[in-house]
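For the sequence shown, the working numbering assigns the number 1 to the initial residue and increments by one for each residue that follows.
Glycine included, every Cβ here is placed at the ideal spot set by N, Cα and C.
Everything numeric in this text was worked out from a predicted model, so none of it was measured.
These notes are about the structure you will find just below.
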Amino acid sequence: MTAHRGLTLASSVIGAVLVALDGTVLAVAQPALRRDLHASLTQVQWTSTAYLIAVASLLVFAGRLGDRYGHRRVFALGMVGFGAASAGIGVAPGIGWVIGLRVLQGVFGALLQPATLGMLRAAYPPERLAMPIALRTSAIGIAAAAGPLVGGALVTPFGWRSVFFLNVVPALVMGVLAAVVREPERAAPATRPSLDLPGASLLAAALVCLVYGLTAVADSGRPTVPTVALLGAVALGCLFVRHERRAGSPLLPADVLGRPAIGSALGLLVAVSATMLGTLFVSSYVLQDVLSLDPLHTALLALPAPVAMVLGAPVTAVLMRRYGPRRTAGTATLLLALGVLVLSRLGQGFPEVWAGAGFLLVGAGFGTVMVTATAVVVQEVPVASAGVAGGLQQTALNIGPTVGVATAGTLMTFTEVTSGPTLAVLACGCLLGVPLALRLPAQRKPRQAELATVSGRSG
């Protein structure tokens with residue numbers, strides 16, 4: 001591995017880990033934040049919702065910025081800004097400042113996330129992308145597992161502000177390194193991609209309405225405001241599609257949307273991430289509020305899920321080379337659905353060992369699909385559109401969990417908080433991803449350069 005590729009992989013992994021860790025440690029810190037700032041429950045919820053809306057609405061546009069100005073440059077800006085916003089939250093005097101700075105942090109988070117995949121696409125040839133993406137996924141799994149422990153270890157002695165200071169040094173160091181290290185010279189593209197500001201604005205507005213509508217359903221259960229927001233998302237989405245069809249240089253170029261495998265992979269990511277987060281939401285509620293387990297016991301029961309993600313991601317890269325994305329993702333989707341069905345027995349005298357087995361299947365299935373579908377999205381696009389592809393992948397992984405939690409929360413209100421029917425519905429939703437998995441490439445096709453090399457050697 002060259003020094004350039006090593007730094008690129010390290011930047012991609014650390015950037016993804018910081019974002020993943022930030023969300024998990026905040027969940028632990030929110031009760032202390034609420035007490036210290038005398039905030040209401042709604043205000044505390046907005047410290048998460050405002051960040052999510054900012055990120056989800058800007059990911060695709062941020063990816064386009066990377067395609068135009070360079071992923072390393074955009075990554076550096078995102079990391080430095082993310083670290084600075086984290087430091088600002090750490091000294092914020094009131095809840096209003098925290099919410100406002102979380103929006104700013106979300107803007108910079110949106111800049112860095114697609115760049116973590118765009119940099120990998122630019123540094124590695126398509127046939128060697130699976131393992132770097134797998135390592136990145138393993139690191140995210142580690143962050144998800146370690147987040148509650150790290151948050152608890154920091155909040156108890158040092159207070160909630162410490163979880164934000166945690167981001168500052170690594171973000172600033174990696175941002176500066178990415179800015180000052182020169183990458184190998186590449187041939188300049190004939191034309192830089194257009195930013196398509198009207199299209200970006202319409203897409204951002206549609207995603208803001210969609211995410212807000214879904215989170216409002218999950219948080220309040222009141223139908224009026226979420227319904228208006230979701231109808232607004234549909235209307236703005238239609239305007240966005242109409243604009244893209246007429247735009248000379250659209251935000252979503254034909255070399256991305258014109259490939260069926262990419263659309264299938266993105267749809268699959270939405271389906272499995274909705275299933276995964278919806279399942280964790282329901283399971284955590286049942287384990288703690290129905291079975292009266294403490295948070296530590298709950299975390300230990302669910303630990304097989306992130307462990308399976310961490311250990312399974314590198315194995316997925318090997319499976320993809322041997323069996324192809326289609327069979328790998330299709331089998332993993334079935335495993336995820338099976339794990340959810342196993343967990344649907346929670347609260348019915350279910351042995352803990354079987355609960356652990358259910359979480360193991362859920363983590364293994366989700367991690368495998370995440371690596372496979374992400375690799376397909378990144379491999380299928382040319383380097384010039386890698387940022388947009390990365391933005392779409394990250395958008396899918398933001399929308400899916402929001403859909404899953406909203407669906408689970410709504411179903412639980414009609415099933416008297418029993419896990420069985422809700423998780424059975426989530427498992428059926430997961431199975432809708434199987435036809436999408438079957439539309440992925442059956443096997444990686446040899447590149448023309450590889451074929452020419454083989455022909456030359458044989459001649």
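*asked:* Tell me the rounded alpha-carbon separation between A384 and P250.
replied: 14 Å
Exposure label - V17; buried when at least 16 CB within 10 Å: Result: buried.
Exercise for review: Count the CB pairs spanning the stretch 362–379 and the stretch 315–331 that are closer than 8 Å, and state whether there are at least three.
Suggested key: With a cut-off of 8 Å, the stretch 315–331 and the stretch 362–379 count as touching, because enough Cβ pairs lie within range.
**Prompt:** Is the Cβ of L166 closer than 8 Å to any Cβ of chain C?
**Reply:** Among the chains in the structure shown there is no chain C, since it carries only a single protein chain.
**Prompt:** If you follow the alpha helix (DSSP H) that W160 is part of, which residue opens it and which one closes it?
**Reply:** Run containing W160: none; DSSP gives neither H nor E here.
Coarse secondary structure for D36, derived from DSSP in three states: Reduced to three states, the DSSP call for D36 is helix.
Original post:
With a CB to CB cut of under 6 Å and the five nearest residues on each side skipped, what residues in its chain are close to G78?
Top reply: F108, L111, L112
Return the Cβ separation of L65 and S48 in integer angstroms, given the expectation that the two are a contact with Cβ distance under 8 Å. Not quite, the Cβ-Cβ distance comes to about 25 Å (not below 8 Å), so this is no contact.
request  = Just the C-alpha distance for V163 and V176, rounded to the nearest angstrom, thanks.
outcome  = 22 Å
_Cut-off 6 Å between Cβ atoms - residues of its own chain near V376, not counting five sequence neighbours on either side_ = A261, A265, P325, L440
| Taking Cβ to Cβ, would you say L268 is nearer than 8 Å to L154? | no
Next item on the list: Please classify G391: is it buried, with 16 or more other beta-carbons within 10 angstroms of its beta-carbon, or exposed?
Entry: G391 is buried by the Cβ-count criterion.
- Message: At the level of alpha carbons, what is the spacing between A204 and V282?
- Response: 30 Å
Considering only the alpha carbon of each residue, which of G237, V234, Y212, L236 lies closest to V225? Y212
How would you label G15, buried or exposed, when you count the other beta carbons within 10 angstroms and need 16 or more for buried? buried
* Rounded to the nearest angstrom, how far is the Cβ of A274 from that of G429, given a contact under 8 Å? -> 6 Å
message = Contact between the stretch 115–127 and the stretch 52–61 is defined here as three or more beta-carbon pairs at a separation below 8 Å; is this criterion met?
response = no
### Message
Comparing C-alpha positions only, which one of L21, C238, A39, L101 sits nearest to E166?
### Response
In the sequence as presented, Glu is not what sits at residue 166; that position holds Leu. Residue L21 is the option with its Cα nearest to L166.
Exercise. On the three-state DSSP scale, how would you describe V272?
Worked result: helix
| message | Please return the same chain residues whose Cβ sits closer than 6 Å to the Cβ of G147, not counting the five positions on each side in sequence. | response | Cβ within range, chain order: L21, T24, V25.
Item to check | Coil, strand or helix - Q443 by DSSP | outcome: coil
> Counting along the chain, where does the alpha helix (DSSP H) carrying S48 start and finish?
Replying inline: 41–69
For V340, which residues from the same chain have a beta carbon less than 7 Å from its beta carbon, with the 5 sequence-adjacent residues on both sides left out? So the list reads T275, T279, V362, L423, L426, A427, C430, once near-sequence residues are dropped.
Residue from W160, L239, G358 whose Cα sits closest to the Cα of V44 | With distances taken between Cα atoms, V44 lies closest to W160.
Whole-number beta carbon distance between P132 and L9, since they are thought to touch under 8 Å:
5 Å
Worksheet item: If you pair each beta-carbon of the stretch 311–318 with each one of the stretch 353–361, do three or more pairs fall below 8 Å?
Response: no
Reduced DSSP secondary structure (H/G/I, E/B, other) of V181
coil
>> Taking its Cβ as the centre, do 16 or more other Cβ atoms sit within 10 Å of V13, making it buried, or is it exposed?
In response: buried
_Here's the rule I'm using: 16 or more other beta-carbon atoms within 10 Å means buried, otherwise exposed. How should E244 be labelled?_
buried
Beta-carbon spacing of M370, T137 below 8 Å: yes
Measuring alpha carbon to alpha carbon, tell me which of A130, R242, V270, R322 ends up nearest P401. If we check each option's Cα against that of P401, V270 comes out closest.
Using three-state DSSP, classify S249 as helix, strand or coil. S249 falls in the coil class under three-state DSSP.
Residues near L120 by beta carbon distance below 6 Å, same chain, minus five either side: Excluding residues up to 5 positions away in sequence, S12, P132 lie with their Cβ nearer than 6 Å to the Cβ of L120 in the same chain.
Name the two residues that bound the continuous alpha helix (DSSP H) containing R322. 304–343
Limits of the unbroken alpha helix (DSSP H) element including Q288: Here Q288 belongs to no alpha helix (DSSP H), and DSSP marks it neither H nor E.
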